[in-house]
Amino acid sequence: MAGERAYISFSIDTDTGDADQSIDALLEGQKWDTSSSTLITYSFIDEASDIAYDTGGLTFANGFNSAQMAAVELAFSMLAELALVTFDEIGDDPGEDNADGTLRFGDFEGLYTAYGFYPYSDEAAGDMAFKDGQYETPDIGSYAFAAGILHEIGHAMGLKHAHEEANGTGLIEDRHDSHEYTVMTYHSYVGQPDSIRFLANAPGHNPQSFMMLDIAALQRMYGANFETNSGNTTYTFSTKTGEMFVNGTGQGTPGENVVLRTIWDGGGKDTYDLSNYDTAMLIDLEPGFYSTFDYHGTAQRAELNDGYADDGTFVGDTAVVFAQGNLYNALQFEGDKRSLIENAIGGSGDDGIYGNSANNMLKGGGGKDWLFGFGGADDLIGGGKRDKLSGGGGNDELFGGGGRDRLKGGNGRDDFFGGKGNDKHTGGKGADTFYFDTTVRSGKDKITDFEDGKDMIEIAGGGKVTWSGDGDDTVVVWNKGQVTLLGVDEGLINNDDFNFV
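According to the numbering used here, the stretch in the sequence shown is residues 32 to 532, in order.
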């Protein structure tokens, strides 16, 4: 029998119209009691005599092989990074031959796929049964890993099917009923008919981690682990294999060159570094949103429908459905900002990069990029092509780079560094500073909304600086560049509008 451990029943939200319905829909209402210890034990069933209850027609077939055991260990390491739980295998050490973990795994005959028992007082609680022969090679991203190991561990920890109503919690919202958001649904993509829910994903194109709603539901039961990667962490990905690297350390190679995972990060100044990509990317740091590594194509995006029509007939490319993104951001736990990813670095393609409420550093790279800082005090760095930079509401620093850039500050006290190209600056509502260096060829820039007595032009490098009227505008000139103040009368400009350093 499974090792004895206390469980807790907890109240669940039955308001199916509230904002967190998609999280509520994953909760069964029972969890393991971790109030006195966060440690949960597990073991692998190796003979039928280990099962001391009526299995309802199931017959024990085999113990897990080494690949299955490794997948279980990986899944538990992922779970321990998300929530305030730890796991320890028992039963393999001398003197522990008859020891049973709270959570147990084995291959069985007599079932269609796999089954996991919820936390409870029953002897079967925490046991997970897998159809013999179907889950032998649970590579990262495989059906055996996502729909098998991760899914059944989810049940054994207290998660229910998102697509099935139970205990009054209602169903997951339609817009989230997809493997992009949870491993606990049978629907691979939004709108997938039940008739093909076991047919859709291409081999190796399943989730590679617990997804954002799984994480949120597990954290609601067990708390959030903010010690995970709590320092300054950099996340990178292989364009050849899809493997994720955390501060340079590989996290395991997926079975296919696909990226479909969610990031939970506990703190620090963290970075998505995608500088090795040459595709046009859409990078979004907002919690609950996702980044797409090939915005105009499908590189490394999971095929959530491998080509099946609604009646189950294989029709090929006309029915293929790709995941919207590659890399998904976890939801915030109780509004705690420590889990935010602060920084993003694009590649050589034409990227769109969106920040969040943190103080972001967004760097476009080599392409024609569009950078949006949003709420924090952000640093936006365009790169060498014709970029567009928009700071948002905070006190931002915008660096145009070498191209013909458009820099837009927003409501804060923003600093503008146009760089070498012919740039257009829009300061916004705050008192902004526009920086130029007379020793660097900076092009013919324009400031669209310069306010005399409020904004400032800072000139570094020395040399002669003059200004004169040009119709309704004022043109400020130095030896290697100039800036036109659009709509500003020459008579309003004097030395008080400049800071010479």
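Even for Gly, the Cβ is constructed at its ideal location relative to N, Cα and C.
Subject >> When 156, 179, 507, 328 are compared against residue 102, the one with the closest alpha-carbon >> reply: In the sequence shown, residue 102 corresponds to position 71, counting from 1. Checked all of 156, 179, 507, 328; the closest Cα to residue 102 is 179.
Original post:
Among the residues of its own chain, which have a CB less than 8 Å from the CB of residue 37, if the five just before and after it don't count?
Top reply: Looking up residue 37 in the sequence shown gives position 6. Cβ neighbours of residue 37 beyond the five flanking positions: 63, 64.
Original post:
Leaving out the 5 sequence neighbours to the left and right, which residues in its chain are closer than 7 Å to residue 396 when beta-carbon positions are compared?
Top reply: Within the sequence shown, numbered from 1, the residue matching residue 396 stands at position 365. For residue 396, where only same-chain residues beyond five positions count, the Cβ hits under 7 Å are 306, 376, 377, 378, 379, 382, 414.
Subject >> Beta-carbon proximity of residue 99 to residue 166, cut-off 8 Å >> reply: If you number the sequence shown from 1, residue 99 lands on position 68. If you number the sequence shown from 1, residue 166 lands on position 135. Closer than 8 Å, so yes.
Original post:
Quick one: is residue 186 buried, meaning 16 or more other Cβ sit within 10 Å of its Cβ, or exposed?
Top reply: For this step, residue 186 is matched to residue 155 along the sequence shown. Answer is buried; the Cβ neighbour count reaches 16.
Original post:
Looking at C-beta atoms only, is the number of pairs between the stretch 203–214 and the stretch 130–142 that lie closer than 8 Å three or more?
Top reply: no
**OP:** Note down the Cα distance separating residue 32 from residue 87, rounded to an integer number of angstroms.
**Re:** Position 1 of the sequence shown, counted from the first residue, corresponds to residue 32. Position 56 of the sequence shown, counted from the first residue, corresponds to residue 87. Below a pLDDT of 50, predicted positions are generally treated as unreliable, and residue 32, at 48, falls in that range; the measurement from the model is reported next regardless. Taking the straight line from one Cα to the other gives about 15 Å.
Original post:
By the 10 Å Cβ neighbour count, where 16 or more other Cβ atoms means buried, how is residue 471 classified, buried or exposed?
Top reply: The count along the sequence shown starts at 1 and reaches residue 471 at position 440. Residue 471 is exposed by the Cβ-count criterion.
Original post:
In whole angstroms, what separates the C-alpha of residue 257 from that of residue 296?
Top reply: Counting from 1 along the sequence shown, the entry for residue 257 is found at position 226. Counting from 1 along the sequence shown, the entry for residue 296 is found at position 265. Rounded to the nearest angstrom, the two C-alpha atoms are 7 Å apart.
**OP:** Leaving aside the five residues before and after residue 341 along the sequence, list all residues of the same chain whose C-beta is less than 8 Å from its C-beta, in chain order.
**Re:** Locating residue 341 in the sequence shown gives position 310, where the first residue counts as 1. 224, 226, 227.
**OP:** Spell out the partners DSSP gives residue 303 in its beta bridges.
**Re:** Position 272 of the sequence shown, counted from the start, is the residue given in the question as residue 303. According to DSSP, which records beta bridges pairwise, residue 303 is partnered with 266, 375.
Original post:
Looking at C-beta atoms only, is the number of pairs between the stretch 322–338 and the stretch 281–296 that lie closer than 8 Å three or more?
Top reply: yes
**OP:** Would you be able to state if there are at least three C-beta pairs under 8 Å between the stretch 506–515 and the stretch 475–493?
**Re:** yes
**OP:** With a cut-off of 8 Å on the beta carbons, I'd call residue 265 and residue 302 a contact; round off their distance for me.
**Re:** Locating residue 265 in the sequence shown gives position 234, where the first residue counts as 1. Locating residue 302 in the sequence shown gives position 271, where the first residue counts as 1. The Cβ separation is near 5 Å, so the contact holds.
**OP:** Return the first residue and the last residue of the beta strand (DSSP E) that residue 52 is part of.
**Re:** One-based indexing of the sequence shown puts residue 52 at position 21. Residue 52 -> not in any beta strand (DSSP E); alpha helix (DSSP H) instead, spanning 52–55.
Original post:
Do you know how far the Cα of residue 146 is from the Cα of residue 57?
Top reply: In the sequence shown, counting from the first residue as 1, residue 57 sits at position 26. In the sequence shown, counting from the first residue as 1, residue 146 sits at position 115. So the two alpha carbons sit approximately 16 Å from each other.
**OP:** With residue 334 as the anchor, note down where its beta strand (DSSP E) starts and where it stops.
**Re:** The residue given as residue 334 occupies position 303 in the sequence shown. Residues 334–336.
Original post:
Looking at the unbroken alpha helix (DSSP H) that takes in residue 103, where does it start and where does it end?
Top reply: Walking along the sequence shown from the start, residue 103 turns up at place 72. Per DSSP, residue 103 is one residue of the alpha helix (DSSP H) stretching across 97–113.
Subject >> Minimum length 3: unbroken beta strand (DSSP E) runs contained in the stretch 497–522 >> reply: With a minimum length of 3 residues, the continuous beta strand (DSSP E) runs that stay inside the stretch 497–522 are 497–501, 504–509, 512–516.
Subject >> Cβ shell of residue 48 (< 8 Å), same chain only, five flanking positions each side left out >> reply: Sequence index remark: in the sequence shown, residue 48 carries index 17 (1-based). Excluding positions up to five away in sequence, the list is empty.
Subject >> Boundaries of the beta strand (DSSP E) in which residue 39 is found, first to last residue >> reply: Numbered from 1 along the sequence shown, position 8 holds the residue referred to as residue 39. Per DSSP, residue 39 belongs to the beta strand (DSSP E) from 38–40.
Subject >> residue 191 in three-state terms, based on DSSP >> reply: Start at 1 with the first residue of the sequence shown, and residue 191 comes out as number 160. Shown here, residue 191 sits in coil according to DSSP, grouped into three states, outside any helix or strand.
Subject >> Chain-order list of residues whose beta-carbon lies under 6 Å from that of residue 455 (same chain, five-residue window excluded) >> reply: For this step, residue 455 is matched to residue 424 along the sequence shown. Contacts found: 437, 477.
Original post:
Where does residue 127 land, buried or exposed, given buried means 16+ other C-beta within 10 angstroms?
Top reply: Translated into positions along the sequence shown, residue 127 becomes position 96. Reliability of the predicted coordinates at residue 127 is poor, the pLDDT of 48 falling under 50, and the value obtained from them is presented with this limitation in mind. The residue in question, residue 127, is exposed, as its Cβ has fewer than 16 Cβ neighbours within 10 Å.
**OP:** State the Cα-Cα distance for the pair residue 157 and residue 84, rounded to the nearest angstrom.
**Re:** Your numbering for residue 157 matches position 126 in the sequence shown. Your numbering for residue 84 matches position 53 in the sequence shown. Whole-angstrom Cα-Cα distance: 13 Å.
Subject >> Reduced DSSP secondary structure (H/G/I, E/B, other) of residue 119 >> reply: Walking along the sequence shown from the start, residue 119 turns up at place 88. Strand.
**OP:** Express the C-alpha separation of residue 237 and residue 219 in angstroms, rounding to a whole number.
**Re:** As a first step, residue 219 is located in the sequence shown; it is residue number 188 there, counting from the start. As a first step, residue 237 is located in the sequence shown; it is residue number 206 there, counting from the start. One C-alpha to the other measures close to 8 Å.
Original post:
Is there contact here, the stretch 196–207 with the stretch 313–324, by at least three beta-carbon pairs under 8 Å?
Top reply: no
**OP:** For residue 216, count neighbouring C-beta atoms within 10 Å of its own C-beta (all shown protein chains included) and say buried if the count is 16 or more, exposed if not.
**Re:** Sequence index remark: in the sequence shown, residue 216 carries index 185 (1-based). Counting Cβ neighbours within 10 Å, residue 216 comes out buried, since at least 16 surround it.
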